[in-house]
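Report on the structure given below.
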Amino acid sequence: MEKILVLGGARSGKSALAERWVTELPDAGPVTYVATAGDRPGDDEWAERVRRHRARRPASWRTLEETDVAAVLRTAEGTLVVDCLSLWLTAVLDGTGAWEDAGALVRVDAAVDELIDAWRSSRARIVAVSNEVGSGIVPATPSGRLFRDLLGTVNQRVAADAHRVVLCVAGRALELPAATPIPPASTSADLMPPSAAESSSVTLRCSTTLGRASRHAPSQTMEGHPGVPAPVDAEAERAARERVDGLAKPVGSLGRLEEIGVWLAARQGSPVLRPPARVGVTVIAGDHGIAELTSAYPAAVTPAMVRTVAAGKAAINALASEHGAFVRVRDLGVDADLGDVAPEVTEHKVSRGTGRIDVEDALPREQVRAAIAAGRTLAGDLSADLLIVGDLGIGNTTIAAALIGSITGIDAEKATGRGTGIDDATLHRKTEIVARAIERARPVRDEPEDLLARIGGADLAAMAGFLAGAAERGVPVLLDGVVVTAAALVAEAITPGSSTWWLAGHRSVEPAHDAALDHLGLEPIVDLRMRLGEGTGALAALPVLRSAVAICSRMAALADLDLG
Numbered sequence: 136m137e138k139i140l141v142l143g144g145a146r147s148g149k150s151a152l153a154e155r156w157v158t159e160l161p162d163a164g165p166v167t168y169v170a171t172a173g174d175r176p177g178d179d180e181w182a183e184r185v186r187r188h189r190a191r192r193p194a195s196w197r198t199l200e201e202t203d204v205a206a207v208l209r210t211a212e213g214t215l216v217v218d219c220l221s222l223w224l225t226a227v228l229d230g231t232g233a234w235e236d237a238g239a240l241v242r243v244d245a246a247v248d249e250l251i252d253a254w255r256s257s258r259a260r261i262v263a264v265s266n267e268v269g270s271g272i273v274p275a276t277p278s279g280r281l282f283r284d285l286l287g288t289v290n291q292r293v294a295a296d297a298h299r300v301v302l303c304v305a306g307r308a309l310e311l312p313a314a315t316p317i318p319p320a321s322t323s324a325d326l327m328p329p330s331a332a333e334s335s336s337v338t339l340r341c342s343t344t345l346g347r348a349s350r351h352a353p354s355q356t357m358e359g360h361p362g363v364p365a366p367v368d369a370e371a372e373r374a375a376r377e378r379v380d381g382l383a384k385p386v387g388s389l390g391r392l393e394e395i396g397v398w399l400a401a402r403q404g405s406p407v408l409r410p411p412a413r414v415g416v417t418v419i420a421g422d423h424g425i426a427e428l429t430s431a432y433p434a435a436v437t438p439a440m441v442r443t444v445a446a447g448k449a450a451i452n453a454l455a456s457e458h459g460a461f462v463r464v465r466d467l468g469v470d471a472d473l474g475d476v477a478p479e480v481t482e483h484k485v486s487r488g489t490g491r492i493d494v495e496d497a498l499p500r501e502q503v504r505a506a507i508a509a510g511r512t513l514a515g516d517l518s519a520d521l522l523i524v525g526d527l528g529i530g531n532t533t534i535a536a537a538l539i540g541s542i543t544g545i546d547a548e549k550a551t552g553r554g555t556g557i558d559d560a561t562l563h564r565k566t567e568i569v570a571r572a573i574e575r576a577r578p579v580r581d582e583p584e585d586l587l588a589r590i591g592g593a594d595l596a597a598m599a600g601f602l603a604g605a606a607e608r609g610v611p612v613l614l615d616g617v618v619v620t621a622a623a624l625v626a627e628a629i630t631p632g633s634s635t636w637w638l639a640g641h642r643s644v645e646p647a648h649d650a651a652l653d654h655l656g657l658e659p660i661v662d663l664r665m666r667l668g669e670g671t672g673a674l675a676a677l678p679v680l681r682s683a684v685a686i687c688s689r690m691a692a693l694a695d696l697d698l699g
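In the working numbering, the protein residues as written are 136 to 699.
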């Protein structure tokens with residue numbers, strides 16, 4: 136059944152709009168109005184407001200005053216009007232004591248998860264009303280900021296599984312577009328310059344940050360002018376450091392967990408940490424013209440693995456299922472026709488493979504620009520508060536080695552690894568190819584688009600756009616292995632300062648990875664000797680990040696200990 140979310144500020148007319156829609160439905164069936172506010176004894180103004188709302192509703196409607204909205208959604212039939220989610224969240228915060236106790240936020244998260252599960256599975260037609268609270272001034276109190284951030288997350292998660300989302304302003308309804316944007320055409324639109332491609336995405340989407348809705352709009356970058364990464368919250372970082380240092384432990388005794396927690400607080404904009412509510416993994420696939428010379432596997436593996444990821448059966452899917460993330464795969468440059476997969480998998484495709492980077496350019500510059508724009512779009516069309524981008528493609532470690540060598544200055548012997556497990560003879564040939572590619576790229580090493588055109592590929596260009604776009608929108612990213620980190624070097628050149636929004640998930644066994652991480656000033660969270668790609672190394676680090684949140688948000692303060 137249809138699910139609609141109606142958003143609006145105070146006195147915007149959102150409740151009246153929702154009620155009018157349901158009244159006008161020809162097939163509404165039995166209607167239940169779920170009032171989530173509860174009683175407020177002694178508050179005459181509130182009682183009068185409730186009376187006016189009741190008088191406005193048709194007499195045939197059943198009114199149910201209930202804060203356990205999930206239970207109602209699971210069992211309801213017919214049509215429900217839930218008014219409103221903001222008051223429901225208030226009741227949850229009251230009931231858990233989370234206004235003052237950060238450790239209680241885990242119970243708030245559980246209540247939100249329960250609500251979302253019920254929203255998704257309900258057989259009823261539902262019109263839910265909620266406040267849009269992220270557009271005004273920054274609340275002056277910690278509780279105000281906490282409520283704003285949590286409600287923003289609730290609204291995003293409900294919207295992600297709604298058929299329609301409507302914003303009500305001054306009694307007027309504005310239909311918001313779907314989260315997945317209209318894809319560019321596979322012909323001339325693929326060659327749109329970034330200014331055109333990105334301006335269309337700006338008008339279609341809102342952005343997200345970790346635990347905060349729509350904090351930063353995407354940068355509208357023009358040709359030749361890099362975007363600007365969203366600022367991190369220095370005050371939240373300072374307060375989080377002070378809070379962590381005051382926990383019941385020796386200062387610094389939890390090492391990187393403390394550092395990760397403080398880092399995350401600056402990007403959540405609050406010293407009171409929350410675990411990521413929605414982790415999105417985007418696997419970007421592409422083939423490369425040098426694959427048959429440098430890989431132990433044929434190029435036919437790439438389309439087969441795209442289908443495997445799309446079917447939910449790859450390594451990244453298994454890890455995502457275990458750790459509560461969702462996965463999508465996108466073909467940017469696979470050298471095959473993937474017409475048998477879902478249309479969205481190929482909606483941003485810009486090429487079929489690349490040229491041989493040791494003797495010819497990888498791509499025309501126009502395709503590079505289209506791929507970067509597609510990556511920015513992919514970073515902005517997810518309702519996620521933590522992002523991971525993964526790679527998929529035979530031959531892509533050769534491209535990564537060449538890019539890292541070009542940007543960091545290390546030579547081919549130090550940059551080139553065994554990738555898919557190649558033998559010594561193939562490693563020697565791969566190293567020679569990387570050396571020639573680095574030499575070919577020398578004149579353009581400081582021009583990111585030209586560098587990608589010469590020795591990159593559509594997949595790495597899209598990853599670079601994705602990483603730059605995430606930073607511009609203020610969404611934290613866990614970086615994966617050598618291929619993604621090679622793209623990160625290019626993204627840092629496209630949008631300087633982007634790396635402030637990235638954590639290195641893991642250290643790959645590929646030798647170029649250390650050089651790339653050092654160049655970016657990033658320290659990997661885990662080292663599991665992985666080299667698969669797909670985003671698996673980054674996702675393997677997610678439990679450590681969650682542990683950092685738990686430590687920083689649930690521990691007692693040293694000052695609260697009873698020392699007798």
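Note that beta-carbon positions come from the ideal geometry of N, C-alpha and C, so glycine has one too.
| Query | Result |
| --- | --- |
| Which of helix, strand or coil DSSP assigns to Met-690 | coil |
| Residue nearest to Lys-448 in terms of C-alpha spacing, selected from Glu-669, Glu-137 and Ala-170 | Glu-669 |
| Sequence ranges, beta strand (DSSP E) only - wholly within the region 429-454, length at least 3 | none |
| Pair within 7 Å by beta-carbon distance, Ala-643 and Ile-529 | Reading the sequence as shown, one finds Ser at residue 643 and not Ala. The answer is no: Cβ separation not under 7 Å. |
| Alpha carbon of Gly-148 to alpha carbon of Thr-158, nearest angstrom | 15 Å |
| DSSP state of Met-136 mapped onto helix, strand, coil | coil |
| Spatially closest choice to Asp-594 from Glu-574, Arg-577, Glu-607 and Val-618, by CA coordinates | Val-618 |
| Cβ pair Leu-602, Ala-626 closer than 7 Å | yes |
| Cβ contact (3+ pairs, closer than 8 Å) linking the region 647-654 and the region 536-552 | yes |
| Beta-carbon proximity of Asp-520 to Pro-411, cut-off 7 Å | yes |
| DSSP state of Asp-585 mapped onto helix, strand, coil | helix |
| Completely contained alpha helix (DSSP H) runs for the region 551-607, where each covers 4 or more residues | 559-576 and 583-590 |
| Per DSSP, the bridge partner or partners of Asn-266 | Gly-143 |
| Buried/exposed call for Ser-323, threshold 16 Cβ in 10 Å | For Ser-323, the predicted model reports a pLDDT of 31, less than 50, meaning its position is unreliable; a value from the coordinates is still stated below. Exposed. |
| Close Cβ partners of Thr-214 (< 8 Å) along its chain, the five nearest in sequence each way excluded | Val-157, Leu-160, Ala-163, Gly-164, Pro-165, Val-166, Thr-167, Ala-259, Arg-260, Ile-261 and Val-262 |
| Reduced DSSP secondary structure (H/G/I, E/B, other) of Trp-234 | coil |
| Sequence-distant residues of the same chain with beta carbon closer than 7 Å to Gly-488, five excluded per side | Asp-422, His-423, Gly-424, Gly-468 and Asp-470 |
| Exposure of Glu-393, with buried meaning 16 or more beta-carbon neighbours within 10 Å | buried |
| When Ala-588, Gly-554 and Ala-170 are compared against Pro-499, the one with the closest alpha-carbon | Ala-588 |
| Sub-7 Å separation of Trp-223 and Thr-288 beta-carbons | no |
| Per-residue DSSP class, three states only, for Asp-697 | coil |
| CB contact flag (Ile-573, Ala-537, <7 Å) | yes |
| Nonlocal neighbours in the same chain, by C-beta distance under 6 Å from Ala-570, ignoring five residues either side | Ala-547 |
| Close beta carbons around Gly-672, own chain, < 6 Å, minus the five adjacent residues each side | Asp-615, Gly-616, Gly-640, His-641 and Met-665 |
| 7 Å Cβ cutoff met for Ala-599 and Ile-590 | no |
| DSSP state of Gly-415 mapped onto helix, strand, coil | strand |
| Whole-angstrom distance between Val-293 and Asp-248, CA atom to CA atom | 10 Å |
| DSSP beta-bridge partners of Arg-373 | Note: Arg-373 sits in no beta bridge, so no partner. |
| Distance CB(Asp-218)-CB(Val-264) smaller than 7 Å | yes |
| Expected contact under 8 Å - CB spacing of Ile-686 and Leu-389 to nearest Å | 6 Å |
| Cβ-heavy atom distance, Val-679 to the ligand COA, below 6 Å | Within the structure as shown, the ligand COA is missing, as the structure has no ligands at all. |
| Range of the contiguous beta strand (DSSP E) that encloses Leu-614 | 612-614 |
| Residue range of the alpha helix (DSSP H) that includes Val-476 | Counting along the chain, Val-476 falls outside any alpha helix (DSSP H), and DSSP gives it neither H nor E. |
| First through last residue of the beta strand (DSSP E) which encompasses Ser-643 | 641-643 |
| Simplified DSSP state of Leu-399, which is helix, strand or coil | helix |
| Thr-231 vs Ala-237 beta-carbon contact at 7 Å | no |
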